[in-house]
Amino acid sequence: SDGPEFKTVHDNTKQKLKVSFSSLDLVLHLEALLSLMDFLSSAVPSSDSSSSQKESELKSLVGESKGLAIKAVPSTSEGDVFDLKVTAELNAFNIFVCDQKSNIADIKIH
Numbered sequence: 001s002d003g004p005e006f007k008t009v010h011d012n013t014k015q016k017l018k019v020s021f022s023s024l025d026l027v028l029h030l031e032a033l034l035s036l037m038d039f040l041s042s043a044v045p046s047s048d049s050s051s052s053q054k055e056s057e058l059k060s061l062v063g064e065s066k067g068l069a070i071k072a073v074p075s076t077s078e079g080d081v082f083d084l085k086v087t088a089e090l091n092a093f094n095i096f097v098c099d100q101k102s103n104i105a106d107i108k109i110h
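Right, dumping it as structure tokens:
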């Protein structure tokens with residue numbers, strides 16, 4: 001079906017997509033963060049009364065998970081054909097924290 005060079009030259013792949021981003025900038029406004037934290041603290045119930053119940057539920061779940069078997073996924077065989085392979089590249093990740101008047105923090109990861 002596919003040519004003789006399909007495996008060697010094209011690595012059993014019908015289509016490849018390569019995406020490259022120069023940077024991803026995340027801007028965090030201090031007022032919005034404080035408002036979000038205030039909302040979450042009022043929306044999430046206090047954990048004092050139900051912490052022992054959650055702890056016992058967690059212990060039972062941990063006990064159950066010890067009996068689970070982990071199944072290994074076999075590596076790709078020579079006959080596998082990939083319809084699409086996607087490769088993404090990110091050159092920089094920037095986080096800016098600011099308020100209405102000025103920048104508070106500037107974190108850059110290159």
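Residue numbers for the sequence shown follow the UniProt record's numbering, beginning at 1 and rising by one.
Note that beta-carbon positions come from the ideal geometry of N, C-alpha and C, so glycine has one too.
Opposing strand residues paired with residue i [DSSP bridges]
{"i": "His-29", "result": "Cys-98"}
{"i": "Phe-82", "result": "Thr-13"}
{"i": "Ala-105", "result": "Val-97"}
{"i": "Gly-88", "result": "Note on identity: in this sequence residue 88 is Ala, with Gly being the wrong assignment. BP columns for Ala-88 point to Val-19."}
Separation of residue j from residue i, as counted between CA atoms
{"i": "Phe-21", "j": "Ser-56", "result": "46 Å"}
{"i": "residue 117", "j": "Asp-83", "result": "Since the first and last residues shown for the chain are 1 and 110, residue 117 lies out of range."}
{"i": "Met-37", "j": "Ser-102", "result": "21 Å"}
{"i": "Ala-43", "j": "Leu-34", "result": "14 Å"}
{"i": "Val-81", "j": "Ile-109", "result": "36 Å"}
{"i": "Phe-39", "j": "Asp-25", "result": "25 Å"}
Other residues of its chain near residue i: CB distance less than 7 Å, five sequence neighbours each side excluded
{"i": "Val-97", "result": "Leu-28, Leu-30, Ile-104, Ala-105"}
As assigned by DSSP and simplified to three states, the class of residue i
{"i": "Phe-39", "result": "helix"}
{"i": "Ser-20", "result": "strand"}
Neighbourhood of residue i by C-beta, 8 Å cutoff - its chain only, sequence neighbours within 5 removed
{"i": "Ser-23", "result": "Leu-90, Asn-91, Ala-92, Phe-93, Asn-94"}
{"i": "Leu-17", "result": "Leu-84, Lys-85, Val-86, Thr-87"}
Sequence-distant residues of the same chain with beta carbon closer than 6 Å to residue i, five excluded per side
{"i": "Ala-88", "result": "Val-19"}
{"i": "Ile-107", "result": "Ile-95"}
{"i": "Asp-99", "result": "Leu-30"}
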